[in-house]
Every structure is written in C-alpha cells, then in structure tokens.
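So the structure is just underneath, and the comments pick up after that.
Residue numbers (this note's numbering): 13 to 140.
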C-alpha cells in the first residue's frame, strides 16, 4: 500500500480577511501499488478531481508545494507535461510548482502529516 496526502488551503481574496487563519483540509488516500501505479498524470487527475469536489477549480492561481519525489520533481518532462495539462484544463492564469530542496522535506507541512500517518500505519500493520 502507498500513502498519498494532499493539503489544501484557500487564500483569501480581500484584505479584511487576512487577519484570519485560512481554512485547511488534508486529503489522505491509500493506494494499491500494483493496480494503482504512481504516475504523474494519475496524480494530476486525482488533484483535478479533488479540486472539483472541493469547489476550488474556478480559482485563477494554483500553487503546488511538493517534496520533489520521483513523481513530483519539476525538472522531469513527464511531470512538466502533467502540470501543463492541469494549467490548461483548470484555465489558470498563474501556476506555481515548488519542490523542497533535498533533505529539507521537514519544511513541507504535508510531510509532517505523513510522518504521523507513517507512525500510525506502522503500528496497524498497513505498511509503506
């Protein structure tokens, strides 16, 4: 089983709301590593479906902050193509894809959530 976590935070569009902490959600999925391979276009499709479900598909800006793993490394052409597809299908004005530097995944908030999930999965025999 593979674990995948995504965190969503909606950015406020008015200055009056800047004092509030933006609402955040975490979506965690468990996948079968044989029948659900980890591919860039699969990740892009899953992200698109989640954005549709959350009602966030009409936003003009998408900001991705990834750990730079093999399916999220921005320097690979296949990853760039999946990001271009997201840009086009969501009709975005601005798209930012950022990856954490090597050995700095502790700065990524989703990686901190994955740490808790890994600890829980290790005790319940789900595995990684």
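Don't be surprised by glycine CBs; every beta carbon is placed ideally from N, CA and C.
Item to complete: For residue 69, collect the residues of the same chain with a Cβ closer than 7 Å to its Cβ; drop the 5 residues on either side in sequence, then sort them by chain order.
Response: 63, 102
Discussion item. The alpha helix (DSSP H) that contains residue 60, what's its start and end?
Written reply: 52-66
Discussion item. Using only CA atoms, which one of 77, 47, 43, 67 lies nearest to residue 107?
Written reply: 77
Worksheet entry | Helix, strand or coil at residue 139 according to DSSP, with G and I counted as helix | Since pLDDT at residue 139 reaches only 49, below the 50 mark, its modelled position is unreliable, and no value is offered.
Worksheet entry | Assigned secondary structure, residue 73 (DSSP; H/G/I helix, E/B strand, else coil) | strand
Fill in: Identified DSSP bridge partners for residue 110
77
Fill in: Beta-carbon contacts of residue 59 that lie in its chain and below 6 Å, excluding the five residues immediately before and after
none
Practice prompt. Output the distance between the C-alpha atoms of residue 72 and residue 100, rounded to the nearest integer angstrom.
Written response: 11 Å
Practice prompt. Report yes if the C-beta distance between residue 112 and residue 81 is below 7 Å; otherwise report no.
Written response: no
Discussion item. In this structure, how does DSSP classify residue 100 when only helix, strand and coil are distinguished?
Written reply: helix
Item to complete: Classify residue 114 as buried or exposed, calling it buried when 16 or more other Cβ atoms lie within 10 Å of its own Cβ.
Response: Exposed, since its Cβ has fewer than 16 Cβ neighbours within 10 Å.
Worksheet item: How big is the Cα-Cα spacing for residue 65 and residue 105?
Response: 21 Å
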